[in-house]
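Protein chains in written order, with full-length UniProt numbering: chain A, 1 to 249; chain B, 1 to 437.
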């Protein structure tokens, strides 16, 4: 589904990704771990198509097509979803109206009619129950005044609404208490299928107890320096990132 | 001949043509003298520092339209809020159009200024109110000198006027360039409520200059909601001078939607002559190309326990320029005043500009006065966030700008106006948005 080959990317002429190779197939869960500043969030943003990041070398293929020239919204239409580490507050646009617009723009891009209002309401009800979201919450301005946990739950709610093929969860566990973590993980697990894939970006192993990865990659200084199975995450938790750094020396 | 000289030399002919014995003859004569000595305001004056009239004064405007022209309702229907039942006072090239209008004398007077100035039965109201709120600055005086036609609205006490009143001025292009000086007088007595919509619309590419004066008197506990829809074409300019005199416990709101025109200057003045008065001034400005919109507001808190709320939003694209100059004056006696003022702007292009200047003069010591102005760009991280959810950049920008102006629209009480403004904003931003805010 996703093939990243020798990816180099920089922001304002500062090289951040220095040769990433990664392949994600349908049905798989990949975890990307690494110390602060290793390039985890940059990788997520580059895949999602943030304009500030310049790909200086390498390829990103999604379903065998190079997506480098596509705008962020076109990537979203193809089924790439990014759950933000810091979701942006948008005053004046309610969660419901935001989702309606997102879904109908995606449908429009695919040449489909707008979703009928009753169908939309049904979908919203169904997915908000999955994430245990209060109905009142949906009429509030997007992310404005939301707690950290509410913001992250809202991200996964959006993911549930949009049903992406590839979901990238960027530090979704940060700022979550244990109950919220469980709800979010439960939501992600319920959305998992043999046709879609998830990339979990996290600093800690904690989330991986709930969303169990098939593969774990360690990112350091813009490169994947070690890959393994879920046991690698446990080893990292025990020994810390210094272990990886020492091993590299 | 310069426009100033042309106007002054036309005055005598104007007076002769209307009625030299008119009770307002002295008022007009005094006003033309003021204009003659001061002329059009220039950028040297503090209040006009950022707005130059030079480019719009150069045309050879016809001051008295010579020809009459009729227009069919269906051709101009779109300029009315036609979805609702309303009274209409319509002018074509400065002349009253009985064909397009719907006036009334049934319990209330919704009719013409020319009638009110000439007929004895209106004389008491004219004596009491005409030119009593308008200031004696040069540009207002110019209008006063030529005051003859416009809307006359008189609501006796305890009347809830259910139908809104639409005042529309059309310019047809019959003249190569035309200048209008409409004069409106609106008197709303105790406990009455009225809603008014005003629009100036040019149907031609010929230059149009309108210098409009509106005096509004809201007596005890009266409610007046006034909507100004400024979406004229880019050869038309408007200087709007509105004076609102409020008595105790009255509530007045003016919403100004500025999307069109070449140059628009809104001089909006509120005078609070009583206690527990509420004044609301709101505006949304969305302009591009070389358009210019200047909001020059004054709220004069004269007595205690009153409130004022000002909220102006501006979005400026291309080479557009904006001005906001908001003056709040709190007299020494006006204790417990609560005055709020906000002016927020988004510059969409590098060449657009806005000059914003809050001006608070507070002589009382127990008041709550706040003001804030911001100038910013669209938030790139918000745009990326929306794009990552499949919303194209253009729509995302529009949605952000929509949301930005949202709280101004939320206080619009007539849903059809809100829908119309939503539609104009969407057209302005070049998108189709699937929901109302």
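Glycine included, C-beta positions come from ideal geometry on N, C-alpha and C.
Less than 8 Å between the C-beta atoms of residue i and residue j, yes or no?
| i | j | result |
| --- | --- | --- |
| residue 72 of chain A | residue 168 of chain A | no |
| residue 257 of chain B | residue 284 of chain B | yes |
| residue 201 of chain B | residue 86 of chain B | no |
| residue 109 of chain A | residue 389 of chain B | no |
| residue 177 of chain B | residue 59 of chain B | yes |
| residue 294 of chain A | residue 7 of chain A | In the structure as shown, chain A starts at 1 and stops at 249, and residue 294 of chain A therefore has no counterpart that could be examined. |
| residue 253 of chain B | residue 226 of chain B | yes |
| residue 223 of chain B | residue 251 of chain B | yes |
| residue 152 of chain A | residue 191 of chain A | no |
| residue 259 of chain B | residue 231 of chain B | yes |
| residue 396 of chain B | residue 383 of chain B | yes |
| residue 234 of chain B | residue 261 of chain B | yes |
| residue 314 of chain B | residue 338 of chain B | no |
| residue 197 of chain A | residue 24 of chain A | yes |
| residue 77 of chain A | residue 214 of chain A | no |
| residue 80 of chain B | residue 168 of chain B | yes |
| residue 26 of chain A | residue 195 of chain A | yes |
| residue 228 of chain B | residue 198 of chain B | yes |
List the residues that DSSP assigns as beta-bridge partners of residue i.
| i | result |
| --- | --- |
| residue 34 of chain B | Paired residues: none, contrary to the question. |
| residue 326 of chain B | B:297 and B:358 |
| residue 5 of chain A | A:59 |
| residue 109 of chain B | B:154 |
| residue 274 of chain A | One cannot answer for residue 274 of chain A here, as it falls past the ends of chain A, which runs 1 to 249. |
| residue 166 of chain A | A:80 and A:197 |
| residue 302 of chain B | Residue 302 of chain B is not bridged to any residue. |
| residue 179 of chain B | B:209 |
| residue 258 of chain B | B:230 and B:285 |
| residue 171 of chain B | B:202 |
| residue 278 of chain B | B:251 and B:307 |
| residue 66 of chain A | A:61 |
| residue 160 of chain B | B:193 |
| residue 341 of chain B | B:310 and B:371 |
| residue 186 of chain B | B:153 and B:216 |
| residue 207 of chain A | The partner list for residue 207 of chain A (beta bridge, DSSP) is empty, contrary to what the question assumes. |
What does the Cβ neighbour count give for residue i, buried or exposed, with the cut at 16 atoms within 10 Å?
| i | result |
| --- | --- |
| residue 2 of chain A | buried |
| residue 25 of chain B | exposed |
| residue 1 of chain B | exposed |
| residue 399 of chain B | buried |
| residue 65 of chain A | exposed |
| residue 80 of chain A | buried |
| residue 200 of chain A | buried |
| residue 246 of chain A | exposed |
| residue 120 of chain B | exposed |
| residue 74 of chain B | exposed |
| residue 377 of chain B | exposed |
| residue 178 of chain A | exposed |
| residue 394 of chain B | exposed |
| residue 36 of chain A | exposed |
| residue 202 of chain A | buried |
| residue 110 of chain B | buried |
| residue 12 of chain A | exposed |
| residue 132 of chain B | exposed |
| residue 94 of chain A | buried |
| residue 212 of chain A | exposed |
| residue 425 of chain B | buried |
| residue 171 of chain B | buried |
*How about the segment 268–281 of chain B and the segment 33–49 of chain B: do they share at least three Cβ pairs that are nearer than 8 Å?*
Contact between the segment 268–281 of chain B and the segment 33–49 of chain B is absent, because fewer than three Cβ pairs lie under 8 Å.
*Is the segment 342–362 of chain B in contact with the segment 315–322 of chain B, if contact means three or more CB pairs nearer than 8 Å?*
Touching, per the Cβ criterion.
*Could you tell me whether the segment 145–153 of chain A touches the segment 72–81 of chain A, using the rule of 3 or more Cβ pairs below 8 Å?*
The answer is no - the segment 72–81 of chain A does not touch the segment 145–153 of chain A, with fewer than three Cβ pairs under 8 Å.
_So, does the segment 210–227 of chain A touch the segment 5–18 of chain A, judging by three or more C-beta pairs under 8 Å?_
Taking 8 Å as the limit for Cβ pairs, the verdict is that the segment 5–18 of chain A does touch the segment 210–227 of chain A.
_Is it the case that the segment 91–99 of chain B contacts the segment 118–125 of chain B, given that we only count it when at least three CB pairs across the two stretches are under 8 Å?_
Contact fails: fewer than three Cβ-Cβ distances are below 8 Å.
*Pair every Cβ in the segment 234–245 of chain A with every Cβ in the segment 41–49 of chain B, then say whether three or more of these pairs are closer than 8 Å.*
Judged by pairs of C-beta atoms under 8 Å, the segment 234–245 of chain A does not touch the segment 41–49 of chain B, as fewer than three such pairs exist.
_Entirely enclosed alpha helix (DSSP H) segments - the segment 101–159 of chain A, minimum 4 residues_ = Taking only runs of at least 4 residues, the alpha helix (DSSP H) segments lying wholly in the segment 101–159 of chain A are 117–130.
*For the segment 210–217 of chain B against the segment 179–197 of chain B, are there 3 or more C-beta pairs whose distance is under 8 Å?*
The segment 210–217 of chain B, when compared against the segment 179–197 of chain B, does touch it at the 8 Å Cβ threshold.
*Hey, is the segment 416–424 of chain B in contact with the segment 129–139 of chain A, meaning 3+ C-beta pairs nearer than 8 Å?*
No, the segment 416–424 of chain B does not touch the segment 129–139 of chain A.
*Would you call the segment 69–78 of chain B and the segment 145–163 of chain B touching, i.e. three or more CB-CB distances under 8 Å?*
With a cut-off of 8 Å on Cβ pairs, the segment 69–78 of chain B is not in contact with the segment 145–163 of chain B, counting fewer than three such pairs.
*Please determine if the segment 118–126 of chain A and the segment 25–41 of chain A are in contact, where contact requires at least 3 C-beta pairs separated by less than 8 Å.*
Note that the segment 118–126 of chain A does not touch the segment 25–41 of chain A; fewer than 3 beta-carbon pairs, one per stretch, sit closer than 8 Å.
*Are three or more beta carbon pairs between the segment 264–275 of chain B and the segment 236–251 of chain B nearer than 8 Å?*
Short answer: they touch.
*Note down, one range per segment and in chain order, each beta strand (DSSP E) of at least 3 residues found wholly within the segment 30–108 of chain B.*
Listed in chain order, the complete beta strand (DSSP E) runs (minimum 3 residues) inside the segment 30–108 of chain B are 87–92.
*Do three or more CB pairs link the segment 81–90 of chain A to the segment 359–372 of chain B at distances below 8 Å?*
Short answer: they don't touch.
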